[in-house]
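Data first, discussion second: the structure below is written as C-alpha cells.
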Amino acid sequence: MILGQDGQKLSKRHGSISIEKYIEEGFVREAILNYLALLGWSYNEKTTIFTTSELIKKFELSSINKKPAKFDYNKLLWTNGYYIRNMENSCLKQLLEKQIRNYLASKNIIDLENRIEPLDQKIEKIIPLIKERIKTLKEGIDLISPFFIKISYSDELATYFKNKEIDATDILNRVYKTLSEVSSKFHAKDIEKNLRLISERLNLNFRKISEVIRIAIWNSTINPPLFETIEILGKELTLKRINEYMRIIL
Numbered sequence: 719m720i721l722g723q724d725g726q727k728l729s730k731r732h733g734s735i736s737i738e739k740y741i742e743e744g745f746v747r748e749a750i751l752n753y754l755a756l757l758g759w760s761y762n763e764k765t766t767i768f769t770t771s772e773l774i775k776k777f778e779l780s781s782i783n784k785k786p787a788k789f790d791y792n793k794l795l796w797t798n799g800y801y802i803r804n805m806e807n808s809c810l811k812q813l814l815e816k817q818i819r820n821y822l823a824s825k826n827i828i829d830l831e832n833r834i835e836p837l838d839q840k841i842e843k844i845i846p847l848i849k850e851r852i853k854t855l856k857e858g859i860d861l862i863s864p865f866f867i868k869i870s871y872s873d874e875l876a877t878y879f880k881n882k883e884i885d886a887t888d889i890l891n892r893v894y895k896t897l898s899e900v901s902s903k904f905h906a907k908d909i910e911k912n913l914r915l916i917s918e919r920l921n922l923n924f925r926k927i928s929e930v931i932r933i934a935i936w937n938s939t940i941n942p943p944l945f946e947t948i949e950i951l952g953k954e955l956t957l958k959r960i961n962e963y964m965r966i967i968l
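The opening residue of the sequence shown carries number 719 in my numbering; numbering runs sequentially from there.
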C-alpha cells in the first residue's frame with residue numbers, strides 16, 4: 719500500500735495519483751518507474767537510480783518490503799531531475815519538442831515569433847542552456863517557450879524601474895545601439911564583450927544592466943544565461959523586444 723506524507727492512504731487529496739497525469743506534468747516514464755520500484759523494494763541502502771534493464775535484472779520478490787510506503791513527491795522530483803540531467807541531448811530534444819508542440823496546440827498558438835529556423839533546431843541549441851536547471855519537462859517548456867512565443871509584459875514589470883535609481887530607458891537605448899552594431903554572426907562572446915562596455919562607460923555594476931535587459935527581452939528577471947539567450951533569440955527579435963519594452967516604460 720502507498721501512503722501520503724500524512725500516513726493516510728494515497729488519494730486525490732494528496733495531489734495527482736495517476737501515472738499519466740505525472741507524465742502530462744513533465745515527468746519521464748523511466749524516472750517514475752525507478753521511483754515507484756523503490757517504494758516497496760530496495761537493492762541496497764545506497765543505490766537509488768536504476769535503468770529499466772537494471773531493474774529487470776535486479777528486482778526480486780523476496781526483497782519487497784511488506785510495510786506500507788510513503789509517497790514523497792520531492793524524491794520523485796529529484797529522481798526525475800536526475801534522469802533529465804543525465805539524458806542524451808537527442809532524447810531530451812525529442813521529449814521537449816513533443817511537449818512544446820502539445821503546449822502550442824493546447825493554447826491554440828499558431829503564429830510563432832521566431833521562425834528563422836525550424837523548431838527542432840532551435841530546441842537543440844537551447845537544451846545546453848536549460849538542462850541543468852530543470853527537474854521536469856514542463857519546467858523546460860516554461861524556459862523554452864519565450865524563445866518562440868510573443869511575450870506580454872506584466873503590469874509589475876512595466877513599472878518595475880519606476881522607483882529605481884537607474885535609468886532603464888537610457889540603458890536600453892545604449893543596449894539597442896550596441897547590439898545593432900554587433901556583427902551579423904551575433905555570437906554570445908561578441909555580445910558579452912560589447913554589453914560589458916556599457917557597464918564600464920556608465921560605471922554601473924553589470925548585474926543592474928543585465929536585469930534591465932532580462933526584463934526587456936524575457937519578461938522576467940530570471941532566464942537562461944543572458945548572452946547565449948540573446949544569441950539564440952537573434953538580433954532582430956532581441957531588438958524588437960527591447961524597443962517594445964522601451965515604448966511601455968516611456
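We treat Cβ as the ideally placed atom computed from N, Cα and C, and that holds for glycine.
Only a predicted model underlies this, so the values are computations on that prediction, with no experimental measurement involved.
DSSP three-state call for residue i: helix, strand or coil?
i    : result
K788 : strand
I782 : strand
H732 : Residue confidence is low: H732 scores 46 on pLDDT, short of 50, so the model does not pin down where it sits. Its coordinate-derived value is still stated next. H732 falls in the helix class under three-state DSSP.
G722 : A caution first: G722 carries a pLDDT of 48, below 50, which makes its placement in the model unreliable, though a value can still be read off. DSSP places G722 in coil when its eight states are reduced to three.
Can you find the residues in the same chain that come closer than 8 Å, C-beta to C-beta, to residue i, ignoring five residues on each side of it along the sequence?
i    : result
T956 : L897, I935, I948
L855 : G744, F745, V746, I802, L813, L814, Q817
V930 : F879, I884, A886, I889, L890, V893
Y800 : A749, I767
E850 : R803
M964 : T887, L890, N891, Y894, A934
Note down, in chain order, each residue of its chain lying with its Cβ closer than 6 Å to the Cβ of residue i, except the 5 sequence neighbours on either side.
i    : result
S917 : F924, I927
Y821 : I859
K773 : Going by the sequence as given, residue 773 is Leu instead of Lys. Excluding residues within five positions, the ones whose Cβ falls inside 6 Å are A755.
S736 : none
G725 : Any reading at G725 must be qualified, since the residue scores a pLDDT of 49, below 50, and its modelled position is unreliable; the value itself is stated next. Cβ neighbours of G725 beyond the five flanking positions: none.
Is the separation between the beta-carbon of residue i and that of residue j shorter than 8 Å?
i    : j    : result
I802 : L810 : yes
I841 : I827 : no
N783 : F768 : no
I675 : F879 : The structure shown does not extend to residue 675, since the chain is modelled only from 719 to 968, so the question has no answer here.
R959 : I869 : yes
N961 : Y894 : yes
Y708 : I750 : No statement about residue 708 is possible, as the shown extent of the chain runs from 719 to 968 and does not include it.
E910 : F865 : no
N707 : L837 : Past the edges of the chain, shown from 719 to 968, lies residue 707, and the structure says nothing about it.
K764 : N798 : no
F777 : W796 : no
L830 : I867 : yes
Can you round the beta-carbon distance between residue i and residue j to whole angstroms, since I take them to be within the 8 Å contact cut?
i    : j    : result
I950 : K882 : 28 Å between Cβ atoms; not a contact.
L847 : P943 : 6 Å
N807 : I845 : 5 Å
E748 : T770 : 6 Å
D908 : S901 : 6 Å
Exercise. Pick out the complete beta strand (DSSP E) segments inside the segment 858–901, 3 residues or longer, and give them in chain order.
Key: none
Self-check item: Length at least 4, wholly inside the segment 817–853: the alpha helix (DSSP H) runs in chain order
Solution: 837–848
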